[in-house]
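All you need for this note's numbering is the position in the sequence shown, starting with 1, plus 788. Shown next, in structure tokens, is the structure this report addresses.
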Amino acid sequence: MEENLAFERENLKIKDRFESLQRVNSIAMISTMVAHELKQPLAIINNYAEGLGRRITKGRFKTPQEILPIIEEIRSEGQRASSIIDLVRRFGKKDKHERQTFDLGDLTAETVDMLIRVGTLTTGYELKCGKNILVTADRLNIEVVIINLIKNAVEACRAEASPMVVISVSAKDQDAEIIVEDNGPEISDEQFEKMKFVGNSTKKDGLGLGLAIVHELIEAHGGSLVLKRKKEGGLICVVRLPRCEEKE
789 MEENLAFERE NLKIKDRFES LQRVNSIAMI STMVAHELKQ PLAIINNYAE GLGRRITKGR
849 FKTPQEILPI IEEIRSEGQR ASSIIDLVRR FGKKDKHERQ TFDLGDLTAE TVDMLIRVGT
909 LTTGYELKCG KNILVTADRL NIEVVIINLI KNAVEACRAE ASPMVVISVS AKDQDAEIIV
969 EDNGPEISDE QFEKMKFVGN STKKDGLGLG LAIVHELIEA HGGSLVLKRK KEGGLICVVR
1029 LPRCEEKE
């Protein structure tokens, strides 16, 4: 009896240790991405603040109301930076992530607009979003997924003569599906195999963390990530999430 209890206690210790290591690994991955992501909102805040200071000094504003749009942009980017930090904090806790029901197409369109505004989506692009495609998930987590997929696609095809990223959101059976594809160069068998492992990257200076983060976040929501090569060159990333019933 005592031996069984000792065995169970040891198993619980091992399980707790394993879960702790998993959380540490998740934090390490997401923190690396966050360090990069925070540069964008902070750079925008700095640019707006410097521009605002110069225009005020030169007396360019005739009324206080003219300043309000700039202040709103600074506030918006500050909130985004704060949200990114909150994401890391939530990853370090055992608590379940806060989830809500939202339209995946709307979130994708908003994320694309944001990436254009901050100068990340610099290639040609096509956006095809279905309507009323509802999922219950951590909204910021899914935004991080979309950002990573689009950034990877942009970087993959940037050097092409006519770089193009296609983003689509649709309903497939009981799932909501996000597809991000690019027209980058042909991917060799070796490169494609490397994409399946954390820490490997096909980019010369890449860390190989983008797809690892996507995979981690999607699996935590009961979804899946599938990578496909295009015959003419480029990559197709297919994310599936459980879909909610449509609104009436």
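From the three backbone atoms N, C-alpha and C, an ideal C-beta is built for every residue, glycine too.
Start and end residues, beta strand (DSSP E) containing residue i
i: Gly912; result: Gly912 to Cys917
i: Arg1017; result: Ser1012 to Arg1017
i: Asp891; result: Gln888 to Asp891
CB contact flag (residue i, residue j, <8 Å)
i: Leu775; j: Gly972; result: Nothing in the structure corresponds to residue 775, since the chain is present only between 789 and 1036.
i: Asp963; j: Leu1029; result: yes
i: Ile921; j: Val957; result: yes
i: Val1027; j: Glu965; result: yes
i: Ala941; j: Arg1031; result: no
i: Ala837; j: Ile873; result: no
i: Glu865; j: Ile832; result: yes
i: Ile955; j: Ile938; result: yes
i: Gly1011; j: Glu974; result: no
i: Val953; j: Thr911; result: yes
i: Ser871; j: Leu909; result: no
i: Phe980; j: Arg1017; result: yes
Local conformation of residue i per DSSP, three classes
i: Pro1030; result: strand
i: Met952; result: strand
i: Ile873; result: helix
i: Asn936; result: helix
i: Arg946; result: coil
i: Ile862; result: helix
i: Leu995; result: Here Leu995 scores only 34 on pLDDT, less than 50, and its place in the model should not be relied on; the value that follows carries that caveat. The answer is coil: DSSP assigns Leu995 none of H, G, I, E or B.
i: Lys882; result: For Lys882, the predicted model reports a pLDDT of 47, less than 50, meaning its position is unreliable and no value from the coordinates is stated.
i: Arg868; result: helix
i: Glu908; result: The sequence given here places Thr at residue 908; Glu does not occur at that position. Thr908: coil per DSSP, three-state reduction.
i: Asn929; result: helix
i: His1009; result: coil
i: Glu974; result: coil
Paired residues, beta bridge with residue i - DSSP
i: Ile966; result: Val957 and Val1027
i: Leu922; result: Asp891
Span of the alpha helix (DSSP H), counted from its first residue to its last, around residue i
i: Thr851; result: Note, Thr851: premise wrong, no alpha helix (DSSP H); not H, not E.
i: Thr845; result: Lys827 to Thr845
i: Glu1020; result: Where Glu1020 is concerned, there is no enclosing alpha helix (DSSP H), given that its DSSP letter is neither H nor E.
i: Glu981; result: Asp977 to Lys982
Proximity test, Cβ basis, 8 Å: residue i and chain B
i: Glu898; result: In the structure shown, chain B cannot be found, because there is only a single protein chain.
ask   = Is it true that the segment 892-906 meets the segment 929-945, where meeting means three or more beta-carbon pairs spaced less than 8 Å apart?
value = yes
request  = Tell me, please, whether the segment 826-833 touches the segment 845-858 by the rule of three or more beta-carbon pairs shorter than 8 Å.
outcome  = no
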